[in-house]
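First comes the structure, then the notes that go with it.
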Amino acid sequence: MPRNASIKWRVDTQVESVVLEQFRHGPLRAADVNDPVSPVDAFQQAFFAWVDRLMPQGLRLISMGLQLCDTNAVFDAIEATYEKEDFKPLTPLHLGIRLSDEWVHEMDVLAQPLREAHPLLLYTLFSIVDQVSGRTVPIRTPGWFLSEMACQYWEGDESASDAEARTWLEDWYGNDEEMVKLYLPSVLRPAVCPDEIRCPARVAGRRSRNASLSARELLALATQHEGRVASVCHELVALRALLRKAGRHRLLEDGYDARPLYSGCTFVLETNERIGEFLDDHMNMEYQHGESTEFHSFHTFSTTRQGIRAQYAQWGLAFQMLRRLDRLMALVVHI
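For this note's numbering, count along the sequence shown from 1 and bump the result up by 20.
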């Protein structure tokens with residue numbers, strides 16, 4: 021996982037003061053610091069040692085990096101954004117969540133063992149991935165593609181019928197019947213977000229109205245299977261526990277939104293021409309707007325005891341979620 025520090029100014033007393041408070045009230049350990057050349061270097065060593073304890077293997081499938089920045093470095097990164105003046109930090113040291121690339125991962129044939137294990141297991145998997153995405157860094161899942169395509173072609177209605185969509189599509193494409201048919205819900209929906217992960221059929225004999233399998237059901241399923249299926253179930257249970265601990269908090273949303281061009285990754289059931297074409301068009305459009313950056317967000321380090329402890333608790337929980345998500349994806353995608 022990429023990490024570095026970008027300290028571009030020389031108001032050292034301000035930075036040193038922030039650094040001292042991190043050691044005083046945060047989880048950083050002086051024992052992790054080896055021959056520092058400056059307070060910032062000491063902080064960088066201790067901070068990334070703390071990160072490594074939470075994510076010892078780093079992230080293989082999610083392209084998230086961490087960068088320590090001063091205020092000048094943040095302004096350099098967001099220079100092209102229209103809302104850069106909204107960044108008004110109270111302290112001079114910041115954590116940048118960097119998304120500098122985006123890999124596309126597909127389950128493909130590795131989805132079949134999960135289908136065979138339980139008809140709701142795939143739905144549960146993507147549901148949990150979407151929840152983790154909402155609390156950490158964005159992951160483009162089938163649900164994301166369906167939502168974006170619905171906004172573009174069906175006036176935001178993901179459940180639109182062909183008859184409803186045809187009216188809107190004809191406004192776009194006129195009498196070009198071939199193009200209209202190409203973007204009808206009955207054609208596009210199965211290609212990007214099939215029913216098995218969007219609105220699965222109810223399972224006979226199952227009482228719960230929630231289509232997502234509970235932790236108890238996942239553990240029971242794990243005891244009935246070996247290998248990959250059991251491992252997937254255990255990872256989903258672990259992610260459920262972390263999500264429950266997080267509650268409704270968006271763990272990495274408290275900072276400044278840097279308008280990221282990339283997501284942590286694209287993770288779909290199966291790649292195809294429709295998904296690839298839409299992703300390319302989306303990227304090109306964002307790039308042409310000229311406001312996007314390689315950062316998800318910037319988080320100003322607190323200097324109060326309560327604020328510091330709350331920040332590290334949230335970040336630590338987010339990093340644990342991403343580590344588990346990375347492990348889950350490693351089980352179900354082709355690497």
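Heads up, the beta-carbon is just placed ideally off N, CA and C, and yes, glycines get one too.
Quiz item: Three-state secondary structure (DSSP) at Y203?
Solution: In the structure shown, Y203 sits in coil (DSSP, three-state: anything other than H, G, I, E or B).
Quiz item: Using DSSP with H/G/I as helix, E/B as strand and the rest coil, what is K28?
Solution: Low confidence applies here, because K28 scores a pLDDT of 48, under 50, leaving its location unreliable; read the following figure in that light. In the three-state reduction of the DSSP assignment, K28 falls in the coil class, being assigned neither a helical nor a strand state.
Quiz item: Of all the beta strand (DSSP E) runs that stay within the bounds of the stretch 308-344, which reach a length of 3 or more residues?
Solution: If one requires a minimum length of 3 residues, the beta strand (DSSP E) runs lying completely within the stretch 308-344 are 315-320, in chain order.
Practice problem: For the alpha helix (DSSP H) holding R356, just list the boundary residues, first then last. | Solution: The structure shown has nothing for residue 356, since the chain only spans 21 to 355.
Exercise. Kindly confirm or deny that the stretch 322-339 and the stretch 68-85 touch, where touching means at least three C-beta pairs closer than 8 Å.
Key: Because the criterion of three Cβ pairs below 8 Å is met, the stretch 322-339 and the stretch 68-85 touch.
Practice problem: Determine the closest residue to H316 out of M127, V352, G284 and E103, with distance taken between C-alpha atoms. | Solution: The residue among M127, V352, G284 and E103 with its C-alpha nearest the C-alpha of H316 is G284.
Quiz item: What does DSSP give as the partner residues of D277 in its beta bridges?
Solution: D277 is bridged to S317.
Quiz item: Can you name the start and end residues of the alpha helix (DSSP H) that R135 belongs to?
Solution: Segment Q132 to A137, the alpha helix (DSSP H) holding R135.
Practice problem: Grab me the residues of C270's own chain with a C-beta within less than 7 Å of its C-beta, minus the 5 sequence neighbours each way, in chain order. | Solution: Per the sequence presented here, residue 270 reads as Arg, with Cys not at that position. So the qualifying residues of the chain are G154 and R155.
Exercise. May I ask which residues mark the beginning and end of the alpha helix (DSSP H) holding V60?
Key: Looking at the DSSP string, the run of the alpha helix (DSSP H) that includes V60 is P59 to L74.
Practice problem: With a threshold of 16 other CB atoms inside 10 Å of the CB of Q334, please say whether the residue is buried or exposed. | Solution: Buried: at least 16 other Cβ atoms inside 10 Å.
Self-check item: Cβ-Cβ separation, I217 to L130 (assumed contact under 8 Å), whole Å
Solution: About 14 Å separates the beta carbon of L130 from that of I217, a gap too long to meet the 8 Å contact definition.
Quiz item: Taking the C-alpha atoms as reference points, what is the distance between L348 and E184?
Solution: Cα to Cα, the separation comes out at about 38 Å.
Quiz item: What does a CB cutoff of less than 7 Å around A278 pick up in its chain, not counting 5 residues either side in sequence?
Solution: Only A97, I98, T313, F315, H316, S317 and F318 meet the Cβ criterion.
Exercise. Would you tell me roughly how many angstroms separate the C-alpha atoms of S251 and T111, rounded to the nearest one?
Key: Straight-line measurement puts the Cα of T111 at about 43 Å from the Cα of S251.
Quiz prompt | Buried versus exposed, by CB contacts within 10 Å (16 or more), K28 | solution = Here the model assigns K28 a pLDDT of 48, short of 50, so the residue's position is not dependable, and the following value carries that caveat. Exposed, because fewer than 16 other Cβ atoms sit within 10 Å of the Cβ of K28.
Practice problem: Pull up the distance between the alpha-carbon of E198 and that of V207, whole angstroms please. | Solution: CA-CA distance, E198 to V207, rounds to 12 Å.
Self-check item: Local conformation of R160 per DSSP, three classes
Solution: Strand, per DSSP.
Self-check item: Among D61, R264 and E255, nearest to L88 - alpha-carbon criterion
Solution: Ranking the options by Cα distance to L88, first place goes to D61.
Quiz item: Helix or strand or just coil, what does DSSP make of D1?
Solution: Residue 1 is absent from the structure shown; the chain starts at 21 and stops at 355.
Quiz item: Can you tell me the Cα-Cα spacing of S37 and T243, whole angstroms?
Solution: About 53 Å.
Quiz item: Based on the DSSP secondary-structure assignment, which residues constitute the bridge partners of L119?
Solution: Under DSSP, L119 takes part in a beta bridge, and its partners are M84.
Quiz item: Can you tell which of E175, R80, Q151 and A100 has its C-alpha closest to the C-alpha of K265?
Solution: Of the listed residues, the one whose Cα sits closest to K265 is Q151.
Quiz item: Given a threshold of 16 other Cβ atoms within 10 Å of its Cβ, counted over all protein chains shown, does R222 qualify as buried or as exposed?
Solution: It counts as exposed.
Practice problem: Specify the secondary structure class of F358 as computed by DSSP and reduced to three states. | Solution: As displayed, the chain neither begins before 21 nor continues past 355, which places residue 358 out of reach and without an answer.
Exercise. Taking V124 as part of the beta strand (DSSP E), name the residues at either end of that continuous run.
Key: Unbroken beta strand (DSSP E) run through V124: V124 to E126.
Quiz item: Buried or exposed: where does V39 fall if 16 or more other Cβ atoms within 10 Å of its Cβ makes it buried?
Solution: Its Cβ being crowded by 16 or more others within 10 Å, V39 is buried.
Quiz item: Do you know offhand how far W174's Cα is from W188's?
Solution: If you draw a straight line from the Cα of W174 to the Cα of W188, it comes to about 6 Å.
Quiz item: Buried or exposed: P76, going by 16 or more other Cβ atoms within 10 Å of its Cβ?
Solution: Result: exposed.
Exercise. Give the C-beta separation of A100 and G310 to the nearest angstrom, bearing in mind that I take them to be a contact with Cβ-Cβ under 8 Å.
Key: A100 to G310, Cβ: 6 Å. Contact.
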